[in-house]
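Trainee: Got a structure for you, written out below as structure tokens; questions coming shortly.
There are 2 protein chains.
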Amino acid sequence: MRTLNVALGERSYPILIGAGLRQEAGLILPLLKTPRVVIISNETVAPLYLGGLAGVLRAAGVEVGEIVLPDGESYKDWPTLNRIFDELMAARCERSTTLIALGGGVIGDMVGFAAATFQRGVPFIQVPTTLLAQVDSSVGGKTAINHPLGKNMIGAFHQPRLVLADIETLSTLPARELAAGLAEVIKYGLIRDAAFFDWLEANMGRLVARDGEALAYAIERSCANKAEIVAADETEQGVRAILNLGHTFGHAIEAGMGYGEWLHGEAVAAGAMMAAELSRMRGWLDAADVARIEAIHRAAGLPVRGPELPVDRYLQLMAHDKKVEAGRLRLVLLEGIGSAVIDGDSPRESIEAAIRERLDG
Amino acid sequence: MRTLNVALGERSYPILIGAGLRQEAGLILPLLKTPRVVIISNETVAPLYLGGLAGVLRAAGVEVGEIVLPDGESYKDWPTLNRIFDELMAARCERSTTLIALGGGVIGDMVGFAAATFQRGVPFIQVPTTLLAQVDSSVGGKTAINHPLGKNMIGAFHQPRLVLADIETLSTLPARELAAGLAEVIKYGLIRDAAFFDWLEANMGRLVARDGEALAYAIERSCANKAEIVAADETEQGVRAILNLGHTFGHAIEAGMGYGEWLHGEAVAAGAMMAAELSRMRGWLDAADVARIEAIHRAAGLPVRGPELPVDRYLQLMAHDKKVEAGRLRLVLLEGIGSAVIDGDSPRESIEAAIRERLDG
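Chains A and B are the protein sequences, given in the same order.
Quick note on numbering: the first sequence equals residues 65 to 425 in our numbering.
Quick note on numbering: the second sequence equals residues 65 to 425 in our numbering.
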């Protein structure tokens with residue numbers, strides 16, 4: 065088992081990475097304020113893993129509630145969140161009840177937001193079952209639901225007490241979702257860890273083949289990178305923004321196609337390619353860098369072009385992104401592989417050209 | 065102008081108390097990250113004070129949006145909150161846009177929760193226009209909406225940047241709402257400030273007659289008491305709970321009668337009398353203390369008995385209160401006038417007897 069600490073003062077918490085962790089009640093028990101939890105999962109993950117987790121906790125004397133939500137980004141909305149509140153209220157859950165998020169990023173974000181706001185805050189634990197959630201959304205305390213006009217627009221910062229990344233759960237992950245998770249793994253290499261990028265170039269085949277050792281290493285290295293950034297900037301006032309490489313373009317893709325059509329990681333991959341093109345136009349990357357970035361995304365099975373929406377539509381949707389400040393679009397670009405920069409000076413024409421360069425068709 | 069500081073480290077903020085403060089743009093301008101605000105008010109308060117506040121800010125070059133919500137506790141719900149989000153999204157508000165809550169406790173709680181969660185947190189300023197909001201809900205950062213099964217069940221802790229308590233706005237307050245605010249003022253005397261309780265006994269007539277000097281003093285003293293408690297316990301882990309004197313009984317009254325039938329302060333007054341009776345049964349207060357507590361509530365124009373719901377219904381509704389821990393009802397009682405105690409040991413029979421002692425009819 066690999067252990068990482070996210071250092072956030074009194075909100076610090078450990079991330080544990082290993083095989084079979086979801087069955088080890090002993091990792092969870094010491095953190096419970098009272099022996100009562102509610103596990104919240106979705107219709108896809110629950111049949112696979114809910115019974116096992118609930119079983120070991122019940123065997124240890126914990127009262128376990130279960131809430132199973134529909135699966136998918138389109139359910140990361142108020143009505144679904146409200147189902148959680150309704151069930152917690154009906155079951156008379158208290159401030160000391162711990163919520164456990166068992167699923168991917170949607171479950172993690174939504175359960176995290178429920179935990180942030182139910183009775184103004186209850187403890188929660190993340191058991192992420194997708195690669196994306198293990199390397200990204202389970203680290204950093206960002207929680208949210210979507211608004212019809214924008215993704216993750218309603219949310220809070222709320223740190224979990226513990227993250228259990230059980231790599232066994234990746235065995236049941238569809239290939240497309242594994243690839244979507246790899247988009248965020250690649251991102252850490254791109255924004256701040258050139259050595260990790262090199263390792264990824266050498267080992268992408270093992271990751272795609274779900275080699276356990278390779279996955280555990282990639283998850284640990286990704287989480288370590290993210291944890292360092294989050295520790296330096298918990299509420300995204302500054303450096304944390306570099307985590308959004310590809311995300312402003314990517315959010316436009318997700319929103320423009322309708323949430324759920326493109327997976328988040330797929331949209332981020334295409335968005336990272338647009339950011340790479342813009343970085344090349346700014347003179348920071350050369351064509352060989354862009355080719356390496358494209359090659360690793362292809363090796364991971366990820367798209368390297370965005371859908372053919374009108375360029376104006378991209379810009380309109382990007383203007384709704386949270387990273388906008390004083391009406392100005394701020395983008396994460398690359399000064400080199402392994403070095404991100406936050407840029408507010410790219411002319412509109414260059415942004416349009418970068419998008420156009422990476423449109424499908 | 066009286067100034068108080070709520071000491072919460074980097075989340076510290078000032079409370080300014082005086083006549084005409086809502087018209088002084090100079091108090092607000094230095095706090096804005098960008099010259100853009102959205103003032104959120106209700107249909108009762110907006111015609112009286114929204115134009116003036118918006119006008120002075122616009123004259124100072126600030127872009128001012130306005131959202132006017134229906135008035136009343138029954139609108140402190142998700143659909144109304146969502147109207148705020150819809151309008152902020154449609155107007156493309158950013159993380160740097162400041163929300164200004166102009167109204168009573170419902171507006172303050174709801175705008176505060178919108179500010180806590182819109183884009184995971186935007187700045188907000190409180191301009192409370194009721195006595196209750198000036199002495200209570202604008203201090204301490206508690207924000208929330210109601211759930212059909214419980215009051216304030218969904219919310220967050222989110223501190224304002226500034227509170228402007230303009231006592232001129234109290235001139236238009238209905239007498240019943242002034243009295244409801246006085247219930248919380250009396251509470252501060254009861255729980256920790258015996259000298260203030262004595263002052264209130266001597267000056268309740270001036271407060272009911274809306275004497276400006278007396279009101280400003282009572283607001284300052286109330287806020288000072290609350291600010292000290294909140295500074296010691298920002299997220300209600302311990303001592304802050306004493307602020308809930310009368311509130312667990314009171315929430316049962318509000319929920320049992322349907323939110324909005326009884327004003328919050330009225331329910332708290334009747335609830336404080338029930339807590340006083342229970343404190344007497346526990347041997348902590350004598351009959352003379354209870355008589356003084358009843359007399360000051362009467363002088364303020366407040367109810368001293370609860371509505372005649374079945375006692376079982378009271379207990380059932382009280383069990384839904386957030387102050388429940390491990391299934392055990394924890395109540396704020398009085399060891400004397402000016403000294404609160406948190407009690408988890410009162411037998412159910414005594415609680416029932418205290419309620420019965422203070423039922424109407």
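No residue lacks a Cβ here, since even glycine has one placed at the ideal position from N, Cα and C.
Note that the structure is predicted; figures quoted are calculated from it, not measured.
S105 of chain B to A165 of chain B, Cα distance in whole Å?
Mentor: 6 angstroms
Trainee: With 16 as the cutoff for other CB atoms within 10 Å, does T181 of chain A come out buried or exposed?
Mentor: buried
Trainee: Closest to F261 of chain B by C-alpha separation, out of B:I357, B:G204, B:F188, B:Q301, would be which residue?
Mentor: B:I357
Trainee: If we call anything under 8 angstroms between Cβ atoms a contact, is L228 of chain B one with R86 of chain B?
Mentor: Going by C-beta atoms, L228 of chain B is nearer than 8 angstroms to R86 of chain B.
Trainee: Which whole-angstrom value describes the C-beta separation of R225 of chain A and Y77 of chain A, a residue pair presumed to lie in contact below a C-beta threshold of 8 angstroms?
Mentor: 6 angstroms
Trainee: Would DSSP call G365 of chain B helix, strand or coil?
Mentor: coil
Trainee: Starting from the beta carbon of H384 of chain A, find every residue of chain B whose beta carbon is closer than 8 angstroms, and list them in chain order.
Mentor: M153, R156
Trainee: Could you list which residues in chain B have their beta carbon closer than 8 angstroms to that of A220 of chain A, in chain order?
Mentor: Against A220 of chain A, the close residues of chain B are A180, T181, R184, G185, A220, in the order they occur along the chain (beta-carbon pairs closer than 8 angstroms).
Trainee: Tell me the DSSP secondary structure of I401 of chain B in three-state form.
Mentor: When secondary structure is reduced to three states using DSSP, I401 of chain B falls in the coil class, being assigned neither helix nor strand.
Trainee: What distance in whole Å lies between the Cβ atoms of K251 of chain A and G310 of chain A, which are believed to be in contact at a cut-off of 8 angstroms?
Mentor: 7 angstroms
Trainee: Within the 8 angstroms Cβ cut-off, does G214 of chain B reach chain A?
Mentor: yes
Trainee: State buried or exposed for G90 of chain A, treating a residue as buried only when at least 16 other CB atoms are found within 10 Å of its CB.
Mentor: Around the beta carbon of G90 of chain A, a 10 Å sphere encloses fewer than 16 other beta carbons of the protein chains shown; the residue is thus reported as exposed.
Trainee: Where does T98 of chain A sit, in a helix, a strand or coil, going by DSSP?
Mentor: coil
Trainee: Would you mind giving the Cβ-Cβ distance between Q198 of chain B and I283 of chain B, rounded to the nearest angstrom? I have them listed as a contact below 8 angstroms.
Mentor: About 5 angstroms separates the CB atoms of Q198 of chain B and I283 of chain B; that is less than 8 angstroms, so the two are in contact.
Trainee: What are the start and end residues of each continuous beta strand (DSSP E) run of 3 or more residues lying completely inside the region 151-204 of chain A, in chain order?
Mentor: Taking only runs of at least 3 residues, the beta strand (DSSP E) segments lying wholly in the region 151-204 of chain A are 162-167, 188-192.
Trainee: G205 of chain B and F221 of chain B - do their beta-carbons sit closer together than 8 angstroms?
Mentor: yes
Trainee: Assign P111 of chain B to one of three DSSP states: helix, strand, or coil.
Mentor: helix
Trainee: Under the assumption that L327 of chain B contacts E241 of chain B (Cβ atoms under 8 angstroms), give the Cβ distance between them as a whole number of angstroms.
Mentor: 7 angstroms
Trainee: Restricting to runs no shorter than 3 residues, where is the beta strand (DSSP E) found entirely within the region 217-250 of chain A?
Mentor: 226-230
Trainee: Within 10 angstroms of its Cβ, does M268 of chain A collect 16 or more other Cβ (buried), or is it exposed?
Mentor: Counting other Cβ atoms within 10 Å of its Cβ, M268 of chain A reaches 16 or more and is therefore classed as buried.
Trainee: Is N146 of chain A close to chain B? Criterion is C-beta to C-beta, closer than 8 angstroms.
Mentor: yes
Trainee: My output table needs one value for T144 of chain A: the three-state DSSP class, helix, strand or coil.
Mentor: helix
Trainee: Please name the residue in A:L237, A:R344, A:D173 whose C-alpha comes closest to that of V396 of chain A.
Mentor: Between V396 of chain A and the set A:L237, A:R344, A:D173, the nearest pair of CA atoms involves A:R344.
Trainee: Using 8 angstroms as the threshold, is the C-beta distance between V203 of chain A and C287 of chain A below it?
Mentor: yes
Trainee: Determine which residues share a DSSP beta bridge with L133 of chain B and list them.
Mentor: In the DSSP secondary-structure assignment, L133 of chain B is bridged to B:N106.
Trainee: Which residues in chain A sit within 7 angstroms of H211 of chain B, going by Cβ to Cβ distance?
Mentor: F149, M153
Trainee: Could you tell me how far apart the beta carbons of L307 of chain A and E372 of chain A are, in whole angstroms, since I believe they sit closer than 8 angstroms?
Mentor: Contact flag wrong, Cβ pair sits at about 27 angstroms.
Trainee: At a CB-CB cut-off below 8 angstroms, which residues of chain B make contact with W36 of chain A?
Mentor: The first residue shown for chain A is 65 and the last is 425, placing residue 36 of chain A beyond what the model contains.
Trainee: Identify, in the order they occur along the chain, each residue of the same chain with its Cβ nearer than 8 angstroms to the Cβ of G116 of chain B, setting aside the five sequence neighbours on each side.
Mentor: Only R86, Q87 meet the Cβ criterion.
Trainee: Taking the alpha carbon of L213 of chain B as the reference point, which residue from B:S138, B:P411, B:L398, B:E232 has its own alpha carbon closest?
Mentor: B:S138
Trainee: For a cutoff of 8 angstroms on Cβ pairs, would you count A295 of chain B as touching chain A?
Mentor: Closer than 8 angstroms: no.
Trainee: On the three-state DSSP scale, how would you describe Y55 of chain A?
Mentor: Residue 55 of chain A lies beyond the residue range present for chain A, which begins at 65 and ends at 425; the question has no answer from this structure.
Trainee: Closer than 8 angstroms by C-beta to T299 of chain A: which residues in its own chain qualify, once you throw out the five before and the five after it? Chain order, please.
Mentor: A distance below 8 angstroms between beta-carbons, with the five flanking residues on each side excluded, links T299 of chain A to the following residues of its chain, in chain order: F221.
Trainee: Taking only three categories from DSSP, how would you classify A273 of chain A?
Mentor: A273 of chain A: coil per DSSP, three-state reduction.
Trainee: Return the Cβ separation of A179 of chain A and V170 of chain A in integer angstroms, given the expectation that the two are a contact with Cβ distance under 8 angstroms.
Mentor: Not confirmed; about 15 angstroms, so no contact.
Trainee: Nearest CA to the CA of G168 of chain B: which residue from B:T233, B:N210, B:G425, B:Q183?
Mentor: B:T233
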